[in-house]
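The number in this note's numbering is simply the position in the sequence shown, starting from 1, with 12 added. Backbone N, C-alpha and C define an ideal beta-carbon position, used for all residues, glycine too. All remarks here apply to the structure that follows.
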Amino acid sequence: MYRYVAAATVGLTATAVGLTRPSTKSVLQEFKSNISSLFYYPEELEAANKWPNVGRLSITAKAKALTFESVADLDLEQSAIKRRNEIMKYGYPTMDNLKQLNDHVLAYSNVHKGPLWVCEHLTDYNINFNKSVSRSASKFVPDSSVHPMFRAYNSDFLGSGFDRGHLAAAANHKNSQLAMNDTFYLSNICPQIGKGLNRSKWNELEKRARALARKHTSAHVLTGPLYLPTVIGNEKFVKYKLIGDNNVAVPTHFFKVIVARTQKGGFILESYVMPNEEIRDDIAISSYLVPKSAIERGAGFMIFDYIADSQYCRINGVSNPAFIETN
13 MYRYVAAATV GLTATAVGLT RPSTKSVLQE FKSNISSLFY YPEELEAANK
63 WPNVGRLSIT AKAKALTFES VADLDLEQSA IKRRNEIMKY GYPTMDNLKQ
113 LNDHVLAYSN VHKGPLWVCE HLTDYNINFN KSVSRSASKF VPDSSVHPMF
163 RAYNSDFLGS GFDRGHLAAA ANHKNSQLAM NDTFYLSNIC PQIGKGLNRS
213 KWNELEKRAR ALARKHTSAH VLTGPLYLPT VIGNEKFVKY KLIGDNNVAV
263 PTHFFKVIVA RTQKGGFILE SYVMPNEEIR DDIAISSYLV PKSAIERGAG
313 FMIFDYIADS QYCRINGVSN PAFIETN
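If you want it as structure tokens, here you go:
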């Protein structure tokens, strides 16, 4: 049996189960219409976010482009501070429960027992293979920096039917065993469907991020879970599963936003949302491109908001008519 909308929907309408396989076109049309219905907002706000939007910059952007002095209480070594500032160059989505690992930064959700968002700065150095680094040497472990009351454990995932899905991908950190090991802390992990998502389409999306990093020397990537409402009749409900004794939340969807700076000084932006469901092989990952603002409204925070709209030369594969070359 095939679920009518499961393959490509953002999961915002009640889905039915039937015996007839829907066409790829109908599945994607449902996906696009559901995105629009969830993230509707008043016309005056919508108009303010349409191109041309020359020079618009979030009023919180400068506040989130943090300096060492503003988070000095983290007591990091200078090299770690420098790397953190490189990773978070374009702004912090939130400031609560921040954790800096060797080569990624995340914010942790005590409620969901997992990451709220994870930020990476992918470069040729950290994504290129180092033969001394072995994925098999890395083990999933609870994050001891999280209070035990809010911590996820491997036992929570055992028998759940979900993979332990990396948000900072292990393959993004193949140059350092320590950096790869850090991606296996459960603070970087969410319950994720394995077949059709974590082991295929999500993996394909991770490869896309690395390809953009290689093409443009580096890329910043922000990844996170979403807990989006389902529309039933005229009402909306947020419904998600909990697994294990510690009630680890299972996201309804995942997002990934990628920005890469071109040689001409502009930025390329690609923003994706994928449902936490099995995705058919015949649906391209480009079908899951959505406006960054839709992700921000669903997640509840701004993403890379130190980059003005006019600095994006391409957004989700489309040239930005408001782009102003600064180089």
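Problem - Lys-213 - containing alpha helix (DSSP H), residue span - result: 213–227
Exercise for the section: Decide yes or no for the touch test of the segment 237–251 against the segment 135–145: beta carbon pairs closer than 8 Å, at least 3 of them. Expected result: no
Handout entry: Simplified DSSP state of Gly-206, which is helix, strand or coil
Key = helix
Exercise for the section: Would you identify the three-state DSSP class for Gly-126, choosing helix, strand or coil? Expected result: strand
Problem - Range of the contiguous beta strand (DSSP E) that encloses Arg-273 - result: 265–273
Problem - Three-state secondary structure assigned by DSSP to Lys-37 - result: helix
Exercise for the section: Return the first residue and the last residue of the beta strand (DSSP E) that Ala-119 is part of. Expected result: Where Ala-119 is concerned, the enclosing beta strand (DSSP E) stretches over 117–121.
Practice task
Return the chain-ordered list of same chain residues with a C-beta closer than 6 Å to the C-beta of Gly-256, the five sequence neighbours on each side being excluded.
Solution key: Asp-168
Problem - For Asn-166 and Arg-68, the rounded distance between their alpha carbons - result: Its pLDDT being 42, under 50, Arg-68 is placed unreliably by the model, and nothing is read from it.
Exercise for the section: Alpha carbon to alpha carbon, how far is His-232 from Val-271? Give it in angstroms, no decimals. Expected result: 5 Å
Problem - Local Cβ density within 10 Å of Ser-283, reported as buried at 16 or more and exposed below that - result: The residue is buried, with at least 16 neighbouring Cβ atoms inside 10 Å.
Problem - Residues near Asp-194 by beta carbon distance below 6 Å, same chain, minus five either side - result: Leu-113, Asn-114
Handout entry: Anticipated Cβ contact below 8 Å, Val-153 with Tyr-104, distance rounded
Key = So it is not a contact: roughly 26 Å between Cβ atoms.
Exercise for the section: Pull up the distance between the alpha-carbon of Phe-335 and that of His-116, whole angstroms please. Expected result: 29 Å
Handout entry: Buried versus exposed call for Asn-288 [16 or more other C-beta atoms within 10 Å across all chains shown]
Key = For Asn-288, the number of other beta carbons within 10 angstroms of its own is at least 16, and it is reported as buried.
Exercise for the section: Please check if any C-beta of chain B sits within less than 8 Å of the C-beta of Tyr-318. Expected result: The question asks about chain B, but that chain is absent: this structure has only one protein chain.
Exercise for the section: Could you give the DSSP three-state label for Phe-249: helix, strand or coil? Expected result: strand
Exercise for the section: Compute the Euclidean distance between the alpha carbons of Gly-312 and Lys-251, then round it to the nearest angstrom. Expected result: 17 Å
Practice task
Given a cut-off of 8 Å, decide if Leu-209 and Val-130 are closer than it, judged by their beta-carbon atoms.
Solution key: no
Handout entry: Whether Met-286 touches Phe-316 by CB criterion (8 Å)
Key = no
Exercise for the section: Pull up the CB-CB distance for Gly-329 and Leu-301, whole angstroms please, since I reckon it's below 8 Å. Expected result: 7 Å
Practice task
Less than 8 Å between the CB atoms is what I'm expecting for Pro-127 and Ser-172, so what's the real figure, rounded?
Solution key: Contact doesn't hold; Cβ gap of about 17 Å is too wide.
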